[in-house]
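Residue numbers (this note's numbering): 104 to 1238.
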Amino acid sequence: MKSNRNYILVSAIIALICLTYGISNFDRAFPEFSINMQISKEEALQNARSFLESRHFDLTGYHESVIFSSNSISLRYLERELGVQRATTLAQDSVDIWHWQVRFFKPLDPLEYSARISTNGKVIGFNRVILEKERGPSLDPNIAQKLAEAFLKSHFQLEFENWEFVEVNSSDKPERRDHHFTFEKRDFRAADAPLRLRITVQGAQIGGFSQYLKVPQAWQRDFDRQQSRNMLFHTIARLLAGLMVIGMFYHFFVHIRDGQVPWRITIILASILAGANFLLEINALPVAMSGYRTTETYSVFLGMRVLRSLMLGIMQGMSLMVLIGSGEYLYRKDFPGKLALQNILRWRGFQSREFIQATLMGYILVAIDIGFVVFYYVVGQKIGFWSPARIEYTNTVSTFLPWLYPLVISLSAALLEEFYFRFYGISLFRKLLKNKTAAIVLTALIWGFLHSNYPQQPAFARGFEVTIVGILAGIVFLRFGIWSVLVWHFVIDAILIGLFLFRSDNTYFWISGLIICGALAIPAVIAGIMFLLRRSFVPVSDLNNSSFTKAIRDELSENRLQINRSSTIEGKKTLVKKANLEEFKPESTFLTYRSRKIALICGIIGILTVFLPDQPILSDNFSPLISRSDAIEKARNTVEEKYGISTENYIISVIDDQYMYQTGERLQTFLSKLSYVYKYGTIDDAQRIFSSDSGVNFFSWYIAFKREFDPEEFTVVINQSSGVTHCLHTLSDSSRGSTIEQDSARVLAEAAFCRIESSPELFKVISEKVKQQDSRLDYAFTWESIEPAIEDAHYRRTVSVKGDEVNHSNRYLKVPEEWLRFESEKTLRYFLMLTLNGLVIIGGGLICLIAVRRRWGRFDVRWKNGLVWCGLVFLIDIIGELNTFNSNWWNYATSNPSGGFITSTIIEGLISSFAITFTVLILYSLTEALAKKVFGFSPLSVTIPKSGKINRLSDMLITLIGTLGVLSGINWLLDNSTIWFGLPVHSFQLEIVHSLSAYLPWLSEFLSAFTGALFISLIAMLAYIMLAKGITKTWIRWLILVLSAVGFAGVEMMGLSNPSNSELLWGITRLLILLAVGYYVMTHWIKGRMWLLMIVIYLHFILNSFSQFSNWEESAYQSQSLILVALTLIPFIIL
């Protein structure tokens, strides 16, 4: 104890020196932007309202949101190029960097307004959002420009002799013409960035204006290149942290099995963290309002926010629960003399020497941390380090309670990071490496470089800084225990995050800062009061880790003794009955005679439906006439002939258009277009529009040519008929080119348009855009079909002229804006469906799991077989990633090093593979444990005894035929019943082949079929066991099935579309039919033999792929179909 006192005394002296140095040099290390905040949030709101109402905009009934915002790119540019002082001056005098963003909106109303209010209260920008169909005049550009200049002169006293006209962009809307004018300030440069002003005229009304700094593209690319190195370090650290997560879950489950998890303190801390994060998200509601989508009702927005807050809180709490459960036993073994975790926050624990010393050491480490970090960056600045300047005003002030954010963020970081890297990490690596120094350094490195995603330069600066702090924290942890580093982490983060509150002149913010200070002093106050009350320390030898370990050991021994006594006296059967557990009675896996007949009949009928005509789908006419390799060769020739360059040194990436539509808003837009055509047309219209050369030709190859650090890129698009649709040439802003007049550019564009459109007279120009680049003028002209393709949807095509070089794009379909808004609307029923979905998954799963536990008692999870399947899935996923690796280059930003991109992509793929395999491990191990209890055998064990082998094989064959036939037949029946009975469907059926851009499409289809079959089988078997075998009451089973159908179908259908109630009802009914049929098949045919179900699903996927490939005329795909036929034989060869 004396050594600890001396240690603390020496550390306190060092801390005092560090704190003194840190406070006196803090502004040198971390310069701060001084914001002259002259108005409050409420005053900014009033100024915005007054300005908009002066423009005769009616804001009655509108909701409002106010946030403090900044232009981060311009801010970083000015700071790096001019320094903090000069950047601050420019931001206050002429450049819009910081402002209040005020927004006025109504739920489900597209009309909204926003205004930017400067820190001195002036209006420096506004915007009005209206529908395209809004009526207005179609003014000549010159008249519209005079209107814009008059507005700027009258409202902002803008002197136009100081501004130079740069460009005008005009676009025709259905009932008006809009113009966008850009001006540039004369004789003004912030480094190399000009100041520009953009103003919009909507019909005859001013629709918005703003000022912005045009940051040079070359600087942005260089900044992105620097940040890519930061992200590379961060990604490597994520991989190592991910490996720790695997070990963490392993230890968590093992400790649960061995009864070594202290549930009381674990649940208490997890609940505190979950509740705090829930409050944090609710507290940020005013900030979230700024991102409110007007396609949602307000009740849905609030409900989704609460639901999101609840889920985030639960996830944080569960993460902490796993961390404590995995690390507490290791901590007890490594530090037997330390105060046990569950005893730290007890009354006697507060009075212990260890608690008071750990608390004191935590505050001492705060002072040392501040001094070190300040010294690190003061010295670092002299050798070229850069750290972004602080901003004294953050958006936290827009929340309900500004003091809550620093406290909760600090609490979350302290609990999660310290329990992860110190509590569990150091104990884990001490066990693996047998060296505590190596354990401290390794955990500090991982923790440190996870912080490399911060913008500090050079790339290693932030990671190295945090690593050193992590080593100090590790040393303190080893000597004083977990409480010391929890206090340090909480206090240091709260100080740094909440510092801005004391720099404000607002009294409320000062009070918020004092609340934070009070919270930071809580550990010290507790420790001080406890010591003053007793003037001595309470002996707590019975509260340390060794005593707690002994207590658990004694409890487990007593439990085993009782079990042994019960077994001896009454026998195992009596014990099971006394525990009210149901004795296991294995059921026969043989099909009954009746089941064999039904399976055989249904199977044959279902298989025969394959030869019957199907409901026509959009992709029926899709037949690629050019393979991936031929498309690359054709693209190479196109680029080399057109531009006279060699493509040998270029990185080539290939994707198909279907791949581009798989995710994101583009997918939602495409599905909305598809549903629009369905609403107003037929399948013939859809095929004419989406899959023919006379339409938009949805099926195309995209081949991109890129070079490292070269902004010049080429993209060739080749349609399914092997013709080059267009070649897009991307140039840097600084690339030189001809500066031609707009009329000359229009002539070039019209000539190109007439060459690519067979009937150009059927189109009209609706948009002309001009962009002034550094050394050339770029133009973009958009044509629209005069007659609609269907209803109010029109074809469009854009031709660009860069300098004097012409590029043209694919045709695309423009559907009315109102339809896109309608399809993305989220009303109360969507929220109810989403909530129901969550309740079914979480609540239903827990109910079934509890029922299984009560009925069969404890089930032991064994990991051996699961690890084997994990290894197989991991290998398959890696092969799949390699097979499609080329597609990753599509997302490559040429401003970044290619080597770093490859490394990051590989690591991200490994992290994804680890996540997938870990999911398989959990699903398989849990399913196997339950299946052994219920069926008496492993779900994937294939055993065919010699006796009755013929009967077994025929039984399996009938089961396969029946299940495969039912799977095919029920889908065929449901698909065609929509035509027979006119059932309501929201859109056309679309089958997309996702493997065309892979090196070997057949391999991609095979791997997808295998992993898909495994996942679906595991989920189906696990759900069946818990539902059918765990729940004894039939009405509860059917209730869960119905609720599952409602929730899953609702979320699936409404996630990317807005179906009618009748369409939603049919979707739910369809899913319920599938679930009911699946339940019957699992009960009467599969009978726990999951491997049979897996084979059926695998064959279903493979045969679907075969049917698509075999219908294509290209010989390369015909050979792929033959390989797929061979792959269908794999399950039977294995059997």
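A virtual CB, placed ideally from N, CA and C, is assigned to each residue, including glycine.
A buried status is given to Tyr432, since no fewer than 16 other beta-carbon atoms sit within 10 Å of its beta-carbon.
Distances from the alpha-carbon of Glu237 to those of Gln305, His282, Gln260 put Gln305 closest.
Taking a 10 Å sphere around the C-beta of Asn245, we find fewer than 16 other C-beta atoms and assign the residue as exposed.
Each of Gln314, Ser530, Phe934 was checked against the Cα of Thr546, and the nearest Cα belongs to Ser530. Put simply, the backbone Cα of Gln204 is about 15 Å away from that of Leu388.
Secondary structure note for Gly440: it is in no beta strand (DSSP E), with a DSSP letter that is neither H nor E. With at least 16 other beta carbons inside 10 angstroms of its own, Tyr466 counts as buried.
Distance between Phe263 and Thr397, taken at the CA atoms: about 37 Å.
DSSP places Arg206 in the strand class (E or B) of the three-state scheme. The alpha-carbon of Gly416 is positioned some 27 Å away from that of Ala1152. DSSP places Ile220 in the uninterrupted beta strand (DSSP E) bounded by 212-220. By the CB criterion at 8 Å, Ala517 and Asn648 fall outside the cutoff. With contacts defined by Cβ atoms closer than 8 Å, Asn1161 and Glu894 do not form a contacting pair.
The beta-carbon separation of Val403 and Thr930, rounded to 6 Å, stays under the 8 Å limit for a contact. Leu942 has its alpha-carbon roughly 24 Å from the corresponding atom of Leu1024.
Residue pairing by DSSP places Glu287 opposite Glu267, Arg299 in a beta bridge. Put simply, the segment 315-334 touches the segment 281-297. At least three CB pairs are less than 8 Å apart.
Annotation: the continuous alpha helix (DSSP H) that includes Lys144 extends over 144-157. For Glu816, the pairing in a beta bridge is given by DSSP as Thr833. Nearest to Ile1143 by alpha-carbon distance, out of Leu1067, Ala1101, Asn940, is Asn940. Contact between the segment 1097-1115 and the segment 982-999 is present: three or more C-beta pairs spanning the two stretches fall below 8 Å. Here the C-alpha atom of Ile512 lies approximately 45 Å from the C-alpha atom of Thr1172.
Residues Ile806, Ala807, Lys809, Asn989, Ser990, Asn991, Trp992, Trp993, Tyr995 of the same chain have their beta carbon placed closer than 8 Å to that of Ser756, with the five preceding and five following residues left out of the count. A residue is called buried when at least 16 other Cβ atoms come within 10 angstroms of its Cβ; Ile585 meets this threshold and is buried. Scanning the segment 723-773 from its first residue to its last, the whole beta strand (DSSP E) runs of 3-plus residues come out as 754-759. No Cβ-Cβ contact shorter than 8 Å links Ile302 with Phe291.
When DSSP states are grouped into helix, strand and coil, Gly311 belongs to the strand group. The straight-line gap separating the alpha-carbon atoms of Val904 and Ala883 is approximately 6 Å.
Sequence-distant Cβ neighbours of Lys917 in its own chain, meaning closer than 6 Å and more than five residues away, are His897, Arg899.
Ala492 sits close to Val187, with the two beta carbons spaced by under 8 Å. For Leu575, the secondary structure class from DSSP, reduced to helix, strand or coil, is helix. Three or more Cβ pairs closer than 8 Å define a contact, and the segment 714-733 meets that threshold against the segment 782-790. Thr222 is the residue among Thr222, Val1088, Ile710 whose C-alpha sits nearest the C-alpha of Leu148. By DSSP's assignment, Gly566 forms no beta bridge with any residue. Phe1113 carries a helical assignment under DSSP once its states are collapsed to helix, strand and coil. The continuous stretches of beta strand (DSSP E) do not include Asn986, which lies in the alpha helix (DSSP H) extending over residues 967-986.
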